[in-house]
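Order-wise, the sequence lines are chains A and B. For the first sequence, position 183 matches number 183 in my numbering, and the numbering has no gaps at all. For the second sequence, position 162 matches number 500 in my numbering, and the numbering has no gaps at all. Just so you know, even glycine gets a beta-carbon here, dropped at the ideal spot from N, CA and C. From a predicted model like this one, the values you see are computed outputs, not experimental measurements. Take a look at the structure set out below.
Number of protein chains: 2
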Amino acid sequence: MAQAKKSTLTLVAERAGVSIASVSRVLNGQPASEAVTERVRAAAAELGYVPDATARSLKVGRTEQIALAVADVGNPVYVSMMREISEVVTRAGYRLVLSSTGSDPRDQIDLLVGLNRGFADGLILSPLRVPEELGTQLRASRFPIVIIGSLPPGVELDNVRADSVAGMALAVDHVADQGRERVAFVNGPVDTVPGAARRGGYLKALAARGLRRDTGAEVEARDFTYRAGLDAAARLLERCTPDAIVCANDLLAIAALNVASRGGLRVPDDVAIVGMDDTDLAELANPAITSVDLGATTRAKAAAELLLRRLDEPDAPVQQVVIEPKLTVRASTERSAR
Amino acid sequence: MAQAKKSTLTLVAERAGVSIASVSRVLNGQPASEAVTERVRAAAAELGYVPDATARSLKVGRTEQIALAVADVGNPVYVSMMREISEVVTRAGYRLVLSSTGSDPRDQIDLLVGLNRGFADGLILSPLRVPEELGTQLRASRFPIVIIGSLPPGVELDNVRADSVAGMALAVDHVADQGRERVAFVNGPVDTVPGAARRGGYLKALAARGLRRDTGAEVEARDFTYRAGLDAAARLLERCTPDAIVCANDLLAIAALNVASRGGLRVPDDVAIVGMDDTDLAELANPAITSVDLGATTRAKAAAELLLRRLDEPDAPVQQVVIEPKLTVRASTERSAR
DNA sequence: AACGTTCTCGTAAACGTTTACAGTCCAGCT
DNA sequence: AGCTGGACTGTAAACGTTTACGAGAACGTT
């Protein structure tokens, strides 16, 4: 029944007239005689006994918690990752501890030393930037860590990442196949891991298709948000008249879409827009935007499973998995549509 | 320095040549002699000592964790709440444990008994539905809980909620002020707490303005998602031709917006759209949608602060706070725009 | 009947902290 | 000189579990 006082093994043991060892055993399903089992069960139920998680953790050396650290809890792509990871780890019996590491790289460091306090059994980390010190801290960790994104040089950890370069190729090829030739690029900060990777992919894809590179057609938003995208897109359209804009992000893509269409351009007829990440947002834009799915949820799932596996067998060989991108075509590039 | 082995108070004590009590004291800033302090600091640094969170928790009876349970980690309004709560509690030195309680009401119950295991010091809960059993479990909890949303009857807990009724009034009045008379309503499931509240508010607001209620102009999406919104809006526009559509949600509003504009209606000239929650989405729609801010982040902040306060003084009187809604007017209702 | 097995259960240690308490030392009093 | 008191430190208990170990009972075997 309902009760508001804590009750411990000792209390249950007294009431059942057995030792605390016996109580612990029956409650954990270890073998015990019929009679004892019965008495313990009854006593536990009457007292509304619930075992203490902290004490158990201390004894068994596991917290049954997994920490997740992402740069921005607000970014839809992180949200979908979070949801997926939450799903996987709770099914495996773990709780999820969420840490937002903001933009300050110190946060990540703090988190790692915090992890060494043992508040979680493992960590999934998706760093935006990778400063020097992060690498050394990662190496020094007592607990398993899996990284979503690129690893700092010299660090050997389980890791899952997207193939941004292939992703950009998908995007550029798609519009190039439609005969578009002036392919602009709205990027996020180029000093971030994804920013750098996507830029590399863009340039490579242009070259591969033999498209002219126009430095005026490449613009960098101050971060990966919608607002920043509005500014960046406006700057872009002031400088040139692309017939396609690929964006590092769905948010940036929607910004570009809105700037373009408010500027009187028809999408996709005058200019095609393609986003990246294929978040829910892509579908709810009007027109819905074509987007490259970098496999956020797949990556998240893989990361969670990698971590769970390593918790099971700490000495398994390090695994690195790369998720292939996939293009989802929607109205923002489909000239034929309607 | 980097090291991968755990190191305990005892180890540090040995190396420093003092007792573990002294080590503990020094590290916790309790008074100690110059010499001891020095030696302990040095030893701790050399060994890379980091105190164990679990052991500390067991001893002091606090985990320094706060649990947050929301129905759907994916819903933008929960996301913004999460972000805010995360912010507040981490600043206060707590970690955030995230539980997604899905749509299954059992999850909430499980969570509450789980909480009694003491994995967190308190809980912030935002229930979508409030089954009978939830009330009894809430009462039985040993730990402080604050509820975002309506309380089950007979439960006395700290609580913060939005004034949906006033919010709906704001929405309806706004479009009515523009002379619109056929005000339709796209709602979410009416058996949820917000669904019921918003419907009540809608009806009341209609009556207050003396607007005719057309039962065909009221439609219920199967949940609060964009997809469900598309269906619902389509059904609505088949049945009637409103000159305004208020929606229980920004997602539903964007769905309505897209259905309407794809159906050849001009927004806002033919039909005005107003959403609710005023999430980031409202701004990135095209046209941007007018939305009623039900104070999600304000509520989240208040909830977190309420909980922190109660952790400080467990016997403070129960507080209930209601956040006033605010209307943000954007292009989807602004006839004059452009 | 003696002995080995197996089963069940209790005793006690351990996990890594914090902290009440008592002890030591030394200075400052009377 | 003897006492009081303060500053510091060590001893040990405690938080609530899990679990190694051993004692005893029950049973079957020879």
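If you ignore the 5 residues before and after V193(A), its C-beta comes within less than 8 Å of the C-beta of P127, L128, R129, V130, G149 and S150, all in its own chain and listed in chain order.
The bridge partners DSSP lists for A244(A) are V183(A) and A272(A). Between the alpha carbons of S629(B) and L495(B) lies a gap of roughly 30 Å. When Cβ-Cβ separations below 7 Å define contact, S86(A) makes contact with chain B.
Neighbours of A316(A) in chain B, taken as residues whose beta carbon is under 9 Å from its own, are absent, since the nearest beta carbon is some 17 Å off. Interface criterion met: the Cβ of R433(B) is under 7 Å from a Cβ in chain A. In this structure L436(B) is not in contact with T428(B), their Cβ atoms being roughly 13 Å apart against a cut-off of 8 Å.
Under the Cβ distance rule, V411(B) counts among the residues neighbouring chain A, one pair being separated by less than 7 Å. In the DSSP annotation of this structure, the continuous segment of the beta strand (DSSP E) that includes Q658(B) starts and ends at Q658 to I661. Proximity of chain B to D52(A) at the Cβ level (cut-off 7 Å) is accounted for by R455 and G456, in chain order. D618(B) reaches chain A at G74 and Y226, counting residues in chain order whose Cβ is nearer than 8 Å. A distance below 6 Å between beta-carbons, with the five flanking residues on each side excluded, links V40(A) to the following residues of its chain, in chain order: A16, V23 and V26. N497(B) has I485(B) and Q658(B) as its beta-bridge partners, per DSSP. A distance of 7 Å or more separates the beta carbons of A217(A) and G188(A). Residue state for G452(B) is assigned as helix, using DSSP reduced to three classes. Burial is judged here by how many other beta carbons sit within 10 angstroms of a residue's own beta carbon; Q108(A) has at least 16 and is buried. With contacts defined as CB atoms closer than 7 Å, A205(A) and M168(A) qualify as a contacting pair.
For the segment 601 to 631 of chain B, the beta-carbon criterion of a distance under 8 Å to any beta-carbon of chain A is satisfied by D618, L619, E621, L622, A623 and N624. Contact between S438(B) and S86(A) holds: CB atoms are separated by about 5 Å, below the 8 Å threshold. The Cβ atoms of L645(B) and I462(B) sit closer than 7 Å to each other. For the segment 294 to 306 of chain A, the beta-carbon criterion of a distance under 8 Å to any beta-carbon of chain B is satisfied by none of its residues.
Per DSSP, I254(A) is one residue of the alpha helix (DSSP H) stretching across D250 to R262. According to DSSP, residue pairing for R95(A) in a beta bridge involves Q65(A). For the pair N413(B) and S357(B), the Cα-to-Cα distance works out to about 53 Å. Residue contact with chain B for A260(A): absent (no Cβ-Cβ distance below 7 Å to any residue of chain B). With a threshold of 16 other beta carbon atoms within 10 Å, D312(A) falls short and is exposed. Residue S395(B) holds the alpha-carbon nearest to the alpha-carbon of R117(A) among S395(B), I485(B), G452(B) and M420(B).
Its chain contains V426 as the residues whose beta carbon lies nearer than 7 Å to that of E643(B), once the 5 sequence neighbours on both sides are disregarded; these appear in chain order. The beta-carbon distance between V160(A) and V417(B), rounded to whole angstroms, is 23 Å. This is too long to meet the 8 Å contact definition. According to DSSP, E220(A) shares a beta bridge with N187(A).
In chain order, I109 place their CB closer than 7 Å to the CB of E133(A), counting only its own chain and leaving out the 5 sequence neighbours on each side. One Cα belongs to T579(B), the other to L622(B), and the distance between them is close to 26 Å. Three or more Cβ pairs closer than 8 Å define a contact, and the segment 567 to 585 of chain B meets that threshold against the segment 601 to 613 of chain B. DSSP places K639(B) outside any beta strand (DSSP E); the residue lies instead in the alpha helix (DSSP H), whose first and last residues are A634 to D650. Straight-line spacing of the CA atoms in G154(A) and G386(B) works out to 22 Å. With contacts defined as CB atoms closer than 7 Å, A594(B) and A571(B) qualify as a contacting pair.
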